[in-house]
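Student: I'd like to ask you about the structure that follows.
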Amino acid sequence: MDSSELGITVREMLELPVFEDSELLAGACGISRIVKRVTIAEVPDNAEWLQGGELVCSTCYHLKDNPEVLVEWVRAMANAGASALALKPERFLGGLPGAVYEEANRMAVPLIKIPLPIRWPVVIEQVMGVILERHSRILSQERELQHRLLSLLAEGKHFQDIIKAISREIPYPFFVTDSRGNLLFIEYPPEYQKVIDELGIHPDKWNLFDALQAGKIQVAKVDGGFKLSEKSRIEPIRIKMRRNKPEIEGVALPVLGGGVTLGYIGVFVEDKLPVRIVRLMERSTLVLAVELLRQHTELESVIRARVDVFHHILENKYTTEEEARLKVALIGLDVKRPFRAIVFSSFEPSAQPLARLFDHPMHRMFKETVEKYGCGCIILPQNDDIFVFIYASPGMPQALPLHKIKDLAREATRKLAAQYNIKTGIVGVSTVQEGLAGVKEAHQEVIIAKSISCNIKSEWQVVCYEELGLLRLLFPLRNTHEARKFYLEYLGPLLNDNTGKGTDLIETLNCWLLCGCNRIRAAKKLFIHVNTLNYRLNKVEEILGIDLKNPEVQFELKIALLLYSFDQNKLQQRAEQPADSFAKLMNVFS
């Protein structure tokens with residue numbers, strides 16, 4: 394971290410008038426050290442009181458009776474972080490032994506001889522005058538930036554406008570992430586393009602915490618010179634990026650608001666990071682926190698209003714259809730245009746339900762994904778799930794084709810997996826709908842699509858209502874007396890088999906039907922010999938008293954197996970991904 398802007402180098406200090414007749418006795422190799430403050434040292438344990446970066450002024454009075462420890466005193470001062478030693482040795486010591494010069498050279502701490510007539514207050518005044526003037530200049534820049542940002546906030550400018558205003562003050566790569574470390578914004582000078590490419594920083598891929606975990610970014614130890622300010626509550630992440638020379642140094646500052654972390658802003662440079670830049674960023678976090686809290690409150694109000702209107706539509710709680718249409722329009726859904734409903738429901742056992750994870754970054758992720766396909770949307774967390782109503786934009790005469798909707802849904806699930814570590818779930822897609830009645834119809838369709846596949850807890854899968862075929866008719870019969878009666882008439886002898894082989898026979902029968910009654914394919918799927926498959930199917934015919942070659946029998950068995958799977962959630966396919974098995978199950982009746 395380059396803190397030279399907050400102090401003065403020893404070289405610059407020696408050019409001040411008060412040092413005109415001074416002499417640099419030793420430690421010339423430390424002449425680039427930064428002096429941040431001045432202190433007087435006339436007691437033996439003065440080293441314990443240093444903070445680092447001091448010009449230590451002394452007459453060595455406390456050593457006059459024991460000058461042989463002078464070498465140890467110089468070493469202690471250097472180890473405590475003193476930037477330079479300004480001494481008047483003639484006053485009480487008469488001179489300095491050669492070992493002191495050697496120690497100062499070894500420790501690279503400049504040893505300066507001050508003329509006796511020079512008073513310490515004059516030294517302090519001139520050195521601290523330069524330091525305070527530099528502090529004042531930096532503080533003025535910080536306040537000017539904060540004033541400009543607050544003005545943008547007062548004018549109602551958007552988040553991107555505020556971020557770009559900050560980036561214009563920072564001549565280095567500057568980035569912003571959400572609270573989960575996902576990259577939202579990055580701006581950098583053209584000469585840093587190669588560095589950006591080497592570090593793999595891309596808005597769609599890069600995550601601050603993933604980079605930390607993968608070792609691409611290393612958390613550096615925060616030293617005393619890094620503290621932002623005495624009153625600062627911000628605990629920065631100081632980082633070093635793994636790369637060949639020159640080294641990349643950076644910092645990420647949390648944006649705090651309402652007692653929580655709303656995001657991070659960061660910067661990195663080749664070689665040393667100027668403290669002035671970090672101080673500017675610290676000032677910026679306050680304005681960003683206000684803007685992010687405003688966005689959060691605004692989104693919360695909008696979502697609450699949308700959910701209320703949505704429930705009123707579903708429960709017919711409106712006086713006239715015109716009133717309902719007006720309310721729907723106010724929340725952003727034009728029911729005169731064609732639309733679809735999509736529900737995202739997670740099966741992730743270790744994660745909270747999606748609706749509880751819903752936040753501004755997730756809302757933005759869904760919105761940006763939909764807009765990428767040229768559509769508009771409204772997003773509603775309901776119960777444990779996320780509902781997205783996707784409508785055609787004014788320039789689109791028709792709704793987005795189904796294959797595009799599937800692509801959109803898969804892209805959203807990839808982002809949920811990457812950004813929220815939610816890797817299993819179901820996406821239910823409705824048919825194209827219009828009008829107020831279409832809202833209820835679309836909602837009912839996605840609930841059915843989701844519920845039909847709730848027993849298939851594999852990776853994210855997309856189930857479209859219009860592709861369910863006969864399943865749409867069978868699903869309402871699930872768990873009814875007639876459904877149980879039907880599948881027991883066909884499968885009862887196998888289910889009641891006391892030998893324990895009935896389940897294997899049902900599994901074999903189901904796989905054979907899913908494979909289009911192709912015995913070779915079914916045997917491969919089950920990892921058994923085709924003769925074993927033939928034996929099992931013959932046993933099925935024998936136990937059930939049926940002819941499996943009869944197409945009508947095959948059709949009725951498929952229905953019985955579907956009703957059984959709805960009722961008992963027991964059908965599984967060996968050596969076949971559940972999603973593939975489910976897709977084939979639907980294709981049987983499509």
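If you use this note's numbering, the sequence shown corresponds to residues 394 to 983, in order.
Here a beta-carbon is modelled for each residue, glycine too, at the ideal position from N, C-alpha and C.
#1: Going by CA-CA distance only, name the one from I658, A734, I815 and T806 that's closest to P746.
#2: With 16 as the cutoff for other CB atoms within 10 Å, does R530 come out buried or exposed?
#3: In the structure shown, what three-state DSSP assignment does L504 receive?
#4: Does the region 791 to 803 come close enough to the region 701 to 715 to have 3 or more Cβ pairs within less than 8 Å?
#5: Using the Cβ count rule (16 or more neighbours within 10 Å means buried), how would you classify P787?
#6: Any idea what DSSP makes of F780, helix, strand or coil?
#7: Do the region 414 to 432 and the region 490 to 504 touch if we need at least three Cβ pairs shorter than 8 Å?
#8: Could you check which residue in V493, V832, P437 and L543 has the C-alpha nearest to that of L726?
#9: Between C450, R757 and E675, which has its C-alpha nearest H689's C-alpha?
#10: Cβ atoms of I724 and R697: under 7 Å apart, would you say?
#11: Below 8 Å, can you find three or more Cβ-Cβ pairs linking the region 508 to 522 to the region 419 to 437?
#12: Anyone know if the C-beta pair for Y813 and L750 falls short of 7 Å?
#13: Would you mind reading off the limits of the beta strand (DSSP E) that contains V462?
#14: Going by C-alpha distance, which of L919, D752, T570 and V411 is nearest L509?
#15: Relative to the C-alpha of G862, which candidate in A915, I952 and V648 has its C-alpha closest?
#16: Would you call the region 595 to 606 and the region 522 to 542 in contact, with 3 or more CB pairs under 8 Å?
#17: N911: which of N927, T896, I899 and V428 sits nearest, CA to CA?
#18: Compare the C-alpha of M500 against each of L809, G488 and G474 and name the closest.
#19: Looking only at its chain, what residues have a beta carbon closer than 6 Å to the beta carbon of V933, apart from the 5 residues adjacent to it on each side?
#20: Where Q539 and P583 are concerned, what is the direct C-alpha to C-alpha distance, given to the nearest angstrom?
#21: May I ask you to verify whether the region 466 to 473 touches the region 543 to 555, counting CB pairs closer than 8 Å and requiring at least 3?
#22: Identify, in the order they occur along the chain, each residue of the same chain with its Cβ nearer than 7 Å to the Cβ of A792, setting aside the five sequence neighbours on each side.
#23: Which same chain residues, not among the five before or five after L881, have their C-beta less than 8 Å away from its C-beta?
#24: Give the range of the alpha helix (DSSP H) segment to which E584 is assigned.
#25: Would you report the Cα separation of A477 and V644, rounded to the nearest angstrom?
#26: So what does N575 bridge to, in DSSP terms?
#27: Give me the residue from A842, Q854 and Y883 with the minimum Cα distance to P869.
#28: Short of 6 Å in beta carbon distance, which residues of its chain neighbour R422, apart from the five on each side in sequence? Order them along the chain.
#29: Can you name the residues that DSSP bridges to E447?
#30: Considering Cα atoms alone, identify which of Y858, K557, S572 and G574 is closest to I840.
#31: Going by DSSP in three states, Y766 sits in which element: helix, strand or coil?
#32: What does the Cβ neighbour count give for K624, buried or exposed, with the cut at 16 atoms within 10 Å?
#33: Any Cβ of chain B within less than 7 Å of the Cβ of R530?
#34: Helix or strand or just coil, what does DSSP make of R871?
#35: Counting only runs of 3+ residues fully inside the region 807 to 862, write out the beta strand (DSSP E) ranges in chain order.
#36: Can you give the Cα-Cα distance for G659 and E691, rounded to whole angstroms?
Tutor: Reading from the atomic positions:
#1: Along the sequence shown, one-based indexing puts residue 746 at 353. Among I658, A734, I815 and T806, the Cα nearest to that of P746 belongs to I815.
#2: Within the sequence shown, residue 530 is the residue found at index 137, counting from 1. Exposed, because fewer than 16 other Cβ atoms sit within 10 Å of the Cβ of R530.
#3: If you number the sequence shown from 1, residue 504 lands on position 111. It is a strand residue.
#4: These segments do not touch.
#5: As a first step, residue 787 must be located in the sequence shown, where it is residue number 394. Burial call: exposed.
#6: Within the sequence shown, residue 780 is the residue found at index 387, counting from 1. Here F780 sits in strand by DSSP.
#7: Output reads yes: the region 490 to 504 touches the region 414 to 432.
#8: As a position in the sequence shown, residue 726 is number 333, starting the count at 1. The closest CA to that of L726, considering only V493, V832, P437 and L543, is found on V832.
#9: For this step, residue 689 is matched to residue 296 along the sequence shown. Looking at the Cα atoms, R757 is the closest of the given residues.
#10: Along the sequence shown, one-based indexing puts residue 697 at 304. Along the sequence shown, one-based indexing puts residue 724 at 331. No; because the gap between Cβ atoms is not below 7 Å, this pair is not in contact.
#11: Between the region 508 to 522 and the region 419 to 437 there are three or more C-beta pairs closer than 8 Å, enough to call the two in contact.
#12: Residue mapping note: residue 813 aligns to position 420 of the sequence shown, counting from 1. Residue mapping note: residue 750 aligns to position 357 of the sequence shown, counting from 1. Using a Cβ distance threshold of 7 Å, Y813 and L750 count as a contacting pair.
#13: Locating residue 462 in the sequence shown gives position 69, counting from the first residue. From DSSP, V462 is part of no beta strand (DSSP E); its letter is neither H nor E.
#14: Taking the first residue of the sequence shown as position 1, residue 509 is located at position 116. Scanning L919, D752, T570 and V411 for the CA closest to the CA of L509 turns up V411.
#15: Residue mapping note: residue 862 aligns to position 469 of the sequence shown, counting from 1. Out of A915, I952 and V648, the CA that lies nearest to the CA of G862 is found in I952.
#16: No, the region 595 to 606 is not in contact with the region 522 to 542.
#17: One-based indexing of the sequence shown puts residue 911 at position 518. The shortest C-alpha separation from N911 is found at N927.
#18: Translated into the one-based positions of the sequence shown, residue 500 becomes position 107. Selection L809, G488 and G474 evaluated against M500 yields G474 as nearest (Cα-Cα).
#19: Residue numbering aside, residue 933 sits at position 540 when the sequence shown is read from its first letter. Excluding sequence positions up to five before and after V933, its CB lies within less than 6 Å of the CB of L898 and L902, all in the same chain and listed in chain order.
#20: On the sequence shown, position 146 is the one that residue 539 refers to. On the sequence shown, position 190 is the one that residue 583 refers to. Whole-angstrom Cα-Cα distance: 26 Å.
#21: With the cut-off at 8 Å, the region 466 to 473 and the region 543 to 555 do not touch.
#22: Counting from 1 along the sequence shown, the entry for residue 792 is found at position 399. If we look at A792 and ignore the five residues flanking it on each side, its Cβ neighbours are P731, F732, R733, A785 and V825.
#23: Along the sequence shown, one-based indexing puts residue 881 at 488. Closer than 8 Å at the Cβ level, and outside the excluded window around L881, lie L888.
#24: Here residue 584 corresponds to residue number 191 of the sequence shown, with the count starting at 1. Where E584 is concerned, there is no enclosing alpha helix (DSSP H), given that its DSSP letter is neither H nor E.
#25: As a first step, residue 477 must be located in the sequence shown, where it is residue number 84. As a first step, residue 644 must be located in the sequence shown, where it is residue number 251. Distance between the alpha carbons of A477 and V644 is about 29 Å.
#26: On the sequence shown, position 182 is the one that residue 575 refers to. N600.
#27: For this step, residue 869 is matched to residue 476 along the sequence shown. Ranked by how close their Cα comes to the Cα of P869, the residues A842, Q854 and Y883 have A842 in first place.
#28: Against the sequence shown, residue 422 aligns to sequence position 29. It should be pointed out that residue 422 corresponds to Cys in this sequence rather than to Arg. Cβ within range, chain order: A501.
#29: Within the sequence shown, the letter at position 54 stands for residue 447. Beta-bridge annotation (DSSP): E447 is paired with R430.
#30: On the sequence shown, residue 840 is found 447 positions in, with the first residue counted as 1. When each option's Cα is compared against that of I840, the closest is Y858.
#31: The sequence position of residue 766 within the sequence shown is 373, counting from 1. Looking at Y766 - three-state DSSP - the assignment turns out to be coil, as it is neither helix nor strand.
#32: To locate residue 624, count along the sequence shown from 1; it is residue 231. Residue placement at K624 is poorly supported in this model, since its pLDDT is 40, which falls under 50; the coordinates are not used for a value here.
#33: Within the model displayed, chain B is absent; a lone protein chain is all it includes.
#34: The count along the sequence shown starts at 1 and reaches residue 871 at position 478. R871: coil per DSSP, three-state reduction.
#35: Fully enclosed beta strand (DSSP E) runs of 3 or longer: 818 to 822 and 854 to 857.
#36: Here residue 659 is taken as the residue at index 266 of the sequence shown, counted from 1. Here residue 691 is taken as the residue at index 298 of the sequence shown, counted from 1. Cα to Cα, G659 sits roughly 26 Å from E691.
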